[in-house]
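Student: I'd like to ask some things about the structure below.
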Amino acid sequence: MSDRTTPARRRRAATLTALTLIAGVAMPATYATATTTRTDHHTDSGDRTMRKVVDGLVQGGKRPAALAGTREGDGRTGAFTAGYGDLAAKSPVPADGQVRIASNTKTFTAVAVLQLVGEGTIGLDEPIETYLPDLIRGEGIDGRNITVRQLLQHTSGLPEYTQHIVGDFASFRHRYVEPRELLDLALQDKASFPPGAKWEYSNTNYVVAGLLLQKVTGRPVAEVINERVVARAGLKHTYFPQVGEMTIREKHPKGYHADEPGAPLLDVSTQEPSWGWAAGAMVSTNSDMNRFFTALLGGKLLGAAQLAEMKTTVPAEDPTPGARYGLGLMRKPLSCGGFYWGHGGDIFGYETRGGVTEKGARSVNIAVTVLPTDLAEVEEMEQAVDTALCR
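Under mature numbering (1 follows the signal peptide of the UniProt record, and there is no 0), read the sequence shown as residues -34 to -1, 1 to 357, first letter to last.
Next comes the structure, spelled out in structure tokens:
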């Protein structure tokens, strides 16, 4: 990515500062070199590239652990790890361990909404007021003027609720937060812009999308997503946590966070993810994420018309030049030509990036176990995905 400074990049850098609160954290100077597993026990130059990718992400102790999973069009898969799954014990990273996938959850939420669009239950260009009357109201905010499409595409103008949480993570870490409470946090602030005027990422959009799913199905959003999306995609290690479910179910690397700059890293793997809810609560593995995006782009989860809507994009170049955003799905350019589809996500303890090439020839998902401290680290993860897909 370009190193040029733009207003969008400066805004992103400021957002990262607010999100991570961990600039200057001292990390261990030593790290474990990469290990590799492949289902076909085949070693090639692509494997060597992937080992370099994960080694580079932990080199110098800048991240506790890195995990990468690859999937080729012919079905071959690979798993690559580096660093430590537990810093205190210096234990190895579990191959294909579960991690919190944060905003990748949005793609699952969008798929569930679009399935209901295809069934005629939800209208994509219908005002959200139709389904959630009198709920979306605030300064410059009116659900009668915001469509379902605008929610899924981040063009609604709804303000961001997480700005009221990121500086107070300790008080939210072990407390279940009702979705309506998250919405109320957002509605304290005025609209960011009139609906449809521009693109700006806001987690609030997907809290409302989750409320929409619950309203039209009469079921908890966790059940809707687990049954409609996770099960249909054949994902065995992916789930939307139940109310009060704070521990990660299966083998996983520990995720870390520091309360303030220079403070020791704390294990925050156990946390109540309800503050992310339909915008960011889910847990998965690299292999499941590769299976999911391959199935989605291969037309196995949505009808052709709904997948086409999902892939209809608007510019979203903050912070990636050339990036575009569809309905819960991002399209990013590749240095080797073409582009890939995916999403990515950040939550206390974990950062994930990845996606699948347009023709489904290759997919990759990469996770690390601490949030980025600056824009350069975000770009390093984006470059890692590019290297993996272009190898």
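From the three backbone atoms N, C-alpha and C, an ideal C-beta is built for every residue, glycine too.
Find out if the Cβ-Cβ distance for the pair P161, G200 is shorter than 9 Å.
Tutor: No. Outside cutoff.
Student: Could you name each continuous alpha helix (DSSP H) segment of 4 residues or more that falls completely within the region 205 to 249, going from the start of the chain to the end?
Tutor: With a minimum length of 4 residues, the continuous alpha helix (DSSP H) runs that stay inside the region 205 to 249 are 243 to 246.
Student: In chain order, what are the residue ranges of uninterrupted alpha helix (DSSP H) at least 4 long that sit wholly in the region 164 to 209?
Tutor: Within the region 164 to 209, the complete alpha helix (DSSP H) runs of at least 4 residues are 170 to 183 and 187 to 191.
Student: Output the boundary residues of the beta strand (DSSP E) element that contains R297.
Tutor: Note, R297: beta strand (DSSP E), M296 to P299.
Student: From which residue to which residue does the alpha helix (DSSP H) around D312 run?
Tutor: Looking at the DSSP string, D312 is not in any alpha helix (DSSP H); the run it does join, the beta strand (DSSP E), is G311 to I313.
Student: Mapping the DSSP letters down to three states, classify T15 as helix, strand or coil.
Tutor: T15: helix per DSSP, three-state reduction.
Student: Going by CA-CA distance only, name the one from D108, V143 and R194 that's closest to K156.
Tutor: Cα-wise, what sits closest to K156 is D108.
Student: Name the two residues that bound the continuous beta strand (DSSP E) containing L33.
Tutor: Per DSSP, L33 belongs to the beta strand (DSSP E) from A31 to E38.
Student: Would the beta-carbon of L178 fall within 9 Å of that of L117?
Tutor: Taking 9 Å as the Cβ cut-off, L178 and L117 qualify as a contacting pair.
Student: With a 10 Å radius around its C-beta and 16 neighbouring C-beta atoms as the bar for buried, classify E92 as buried or exposed.
Tutor: E92 should be labelled exposed.
Student: Is F74 helix, strand or coil when you go by DSSP?
Tutor: It is helical.
Student: Could you say which of V132, S240, L293 and G242 lies nearest to L262 if we only look at CA atoms?
Tutor: L262 has its Cα closest to that of L293, out of V132, S240, L293 and G242.
Student: Run through the DSSP bridge pairs and tell me what N256 is partnered with.
Tutor: According to DSSP, which records beta bridges pairwise, N256 is partnered with nothing at all.
Student: Which two residues bound the contiguous alpha helix (DSSP H) that contains R146?
Tutor: Counting along the chain, the alpha helix (DSSP H) containing R146 begins and ends at P145 to A152.
Student: Check D91 in the structure and name its three-state DSSP category.
Tutor: D91: coil per DSSP, three-state reduction.
Student: Which residues does DSSP list as the beta-bridge partners of T318?
Tutor: Partner(s): G311 and A333.
Student: How many angstroms separate the CA atom of V351 from the CA atom of P60?
Tutor: Cα to Cα, the separation comes out at about 20 Å.
Student: With a 10 Å radius around its C-beta and 16 neighbouring C-beta atoms as the bar for buried, classify D312 as buried or exposed.
Tutor: So D312 ends up on the buried side.
Student: For K217, tell me which candidate among R42, S250 and A163 has the shortest Cα-Cα distance.
Tutor: It is S250.
Student: Of the choices G104, A274 and I214, whose alpha-carbon is the least far from that of P239?
Tutor: Closest by alpha carbon: I214.
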